[in-house]
Amino acid sequence: MTFTNRFKLSAMMFLEFFIWGGWFVNLGTYLIKNFKSSGSEVGAAYLTQSIGAIVAPFIIGLIADRFFSAQKILGVLHLLGGLLLWRASTSEGFTAFYPNILIYMILYMPTLALVNSVAFRQMDNPQKQFPPIRVLGTLGWIFAGFLVSWLSWDKLGSESALVNTFKMSGTASLILGVLSFTLPATPPVKKGQQVSVGDILGLDAIGLLKNKSYLFFFIASVAICIPLAFYYGFANVYLQDAGVKGSTITQSLGQVSETVFMLCIPFFFVRLGVKKMLAIGMLAWVVRYVLFAYGNGDTNYWMLLGGIVLHGICYDFFFVTGQIYTDNLAGEKFKSSAQGFITLATYGVGMLIGSILSGKVYDSNIAADGAINWQSIWLVPAAIAAVVLVLFLLLFKDKKHVETQPGVNAEDAEIVL
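Count along the sequence shown starting at 1, add 18, and that's the number in the working numbering.
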């Protein structure tokens, strides 16, 4: 791969996640402060991610894989997305804001697969070449958080400055849209082939559920995404309410942690095996939310930081380990469809349920004077994660696939923020 292509692909990854991290982290805070939105409305806004995740396979499977080059579709989606984010920034209420974000997420979520497709197609040794390029995406997300806090857009008590996050991300989306048309050609790989709905949704891999242990893992994966939705939707709102200055960059410590623990996965995988790795990941969810429940911005500030830093274990030990376990169990024939199937179930179904539930829990814990009972809110996802952990430990007994196969390592798994 030439230096020019490496540079373009790195810039693509940086901007892809800079765009998402620039506005997504503060979405709940923005809606509550600027529009006085309810928790259910915040949940509905984050639910657009799930809708986008459900629709994304159809855009990729029906269009990108069959008719048009991936880099051109990427460019069109980001140009349209940039305009939608700017339009969202001009909305004067939730009713006007929501359709823009809904359509935007339907357009954005497919780009997560498209950037990977464009990158992988230019590589002759993805195991070595992909991680250094993909890590630029994590840095892009972190840098977006740094800018938001450095420019004081997330300043405590501010009501209007967060609107700039949509303008910033919208501008970056327009830049990436233009850049995409200069990326290396990535023509469709299934041109002229017939593709079924089952192929698109990864339903070919549904036979994996006949394995009882994988079935329990699959159910646990969907269920653990419910607590995840609480974090995405209300962590930044909580940090602001707790008086944390620079809440956005503080929350980005979670992505730093994710990067560090990603590098540790090969070491732990060989020594612990799948079941212990998955269990540790779920236990981290329980501990994280307990820390949030009893932490504060004063004497127990360390608890807030601890809950954020645990993001690396929460995500990497469960989701990335689960991706590797799925890959090992599926075999060569169903590798791609199996990954698509589990992604649809988690970020589609699991996050959708979690977004709805988290909003209702938030609303039910607001007192008449406006005070928020955060302890009660965070103990709900802690309890859900604890129940999932106990059931998983009791029911998951797959002895055949508990250890990594030779050659499997963290570089084979996609890092998702």
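Don't be surprised by glycine CBs; every beta carbon is placed ideally from N, CA and C.
Note that the structure is a prediction, hence the values are computed from the model and not measured.
What's the C-alpha gap between residue i and residue j?
| i | j | result |
| --- | --- | --- |
| Gly-39 | Ser-167 | 12 Å |
| Phe-138 | Phe-148 | 7 Å |
| Gly-225 | Leu-347 | 11 Å |
| Asn-318 | Met-295 | 29 Å |
| Asn-427 | Ala-203 | The pLDDT assigned to Asn-427 is 38, lower than 50, so where the model puts this residue is not dependable, and the model offers no usable value. |
| Tyr-365 | Ser-170 | 31 Å |
| Ile-193 | Leu-125 | 16 Å |
| Ile-72 | Phe-410 | 26 Å |
| Ile-458 | Ser-198 | This structure cannot settle anything about residue 458, because the visible part of the chain is limited to 19 through 435. |
| Ser-231 | Val-338 | 17 Å |
| Leu-33 | Trp-104 | 17 Å |
| Ala-106 | Ala-62 | 15 Å |
| Leu-323 | Gly-272 | 9 Å |
| Ser-191 | Ala-247 | 25 Å |
| Lys-293 | Leu-413 | 11 Å |
| Phe-310 | Gly-368 | 22 Å |
| Trp-396 | Met-19 | 47 Å |
| Cys-332 | Val-181 | 30 Å |
| Gly-313 | Val-274 | 21 Å |
| Ala-363 | Ile-242 | 11 Å |
| Pro-206 | Lys-90 | 11 Å |
| Leu-328 | Arg-306 | 6 Å |
| Leu-92 | Asp-259 | 38 Å |
| Ala-102 | Val-408 | Note that residue 102 is Leu in the sequence shown here, rather than Ala. Near 43 Å, if we compare the C-alpha coordinates of Val-408 and Leu-102. |
Nearest to residue i by alpha carbon, out of the options?
| i | options | result |
| --- | --- | --- |
| Leu-65 | Phe-53, Leu-192 and Met-123 | Met-123 |
| Glu-276 | Leu-309, Phe-199, Ala-302 and Met-141 | Ala-302 |
| Ser-449 | Tyr-232, Phe-199, Arg-24 and His-96 | Beyond the ends of the chain as shown, which are 19 and 435, falls residue 449; an answer cannot be given. |
| Val-94 | Gly-195, Phe-310, Trp-320 and Met-127 | Gly-195 |
| Pro-128 | Ser-58, Pro-75 and Leu-120 | Pro-75 |
| Val-405 | Ile-121, Ala-297, Glu-59 and Thr-108 | Ala-297 |
| Ile-119 | Leu-92, Leu-45 and Leu-130 | Leu-45 |
| Ser-58 | Asp-142, Phe-86, Leu-407 and Tyr-116 | Tyr-116 |
| Ile-121 | Leu-130, Gly-70 and Ser-56 | Gly-70 |
Once you ignore the five residues that flank residue i on each side, which residues in its own chain have a CB closer than 7 Å to its CB?
| i | result |
| --- | --- |
| Gly-261 | Leu-174 and Gly-315 |
| Val-43 | Gly-163, Asn-254, Thr-266 and Gln-269 |
| Thr-113 | none |
| Asn-23 | Gln-140 and Pro-202 |
| Leu-227 | Leu-233 and Phe-236 |
| Lys-415 | Ser-231 |
| Ile-326 | Thr-268, Gln-269, Leu-271 and Gly-272 |
| Ser-55 | Leu-49 and Phe-112 |
Looking only at its own chain, which residues have a Cβ that is under 6 Å from the Cβ of residue i, when we skip the five neighbours before and after it?
| i | result |
| --- | --- |
| Asn-391 | Asn-383 |
| Ile-402 | Ile-244 and Pro-245 |
| Ala-88 | Ala-82, Leu-132, Ser-135, Val-136 and Thr-204 |
| Phe-25 | none |
| Lys-185 | Ser-107 |
| Gly-264 | Ser-167 |
Counting only C-beta atoms, is residue i closer than 7 Å to chain D at any point?
| i | result |
| --- | --- |
| Val-43 | The chain labelled as chain D is not found in the depicted structure, where only one protein chain is given. |
For residue i, count neighbouring Cβ atoms within 10 angstroms of its own Cβ and tell me buried if that reaches 16, exposed if not.
| i | result |
| --- | --- |
| Glu-110 | exposed |
| Thr-344 | buried |
| Trp-320 | exposed |
| Thr-183 | buried |
| Pro-399 | buried |
| Val-448 | One cannot answer for residue 448 here, as it falls past the ends of the chain, which runs 19 to 435. |
Please list, in chain order, all residues of the same chain as residue i whose beta carbon is under 8 Å from its beta carbon, the five residues on each side excluded.
| i | result |
| --- | --- |
| Phe-36 | Gly-158, Trp-159, Phe-161, Ala-162, Ser-187 and Ala-190 |
| Gly-340 | Phe-235, Ser-239, Leu-296 and Ile-360 |
| Asn-52 | Glu-177, Ser-178, Leu-180 and Val-181 |
Q) Does the stretch 234-246 come close enough to the stretch 378-391 that 3 or more CB-CB pairs lie under 8 Å? A) no
Q. Looking at C-beta atoms only, is the number of pairs between the stretch 250-260 and the stretch 372-380 that lie closer than 8 Å three or more?
A. yes
Q. Using 8 Å as the threshold, is the stretch 23-40 in touch with the stretch 149-156, meaning 3 or more CB pairs across them?
A. yes
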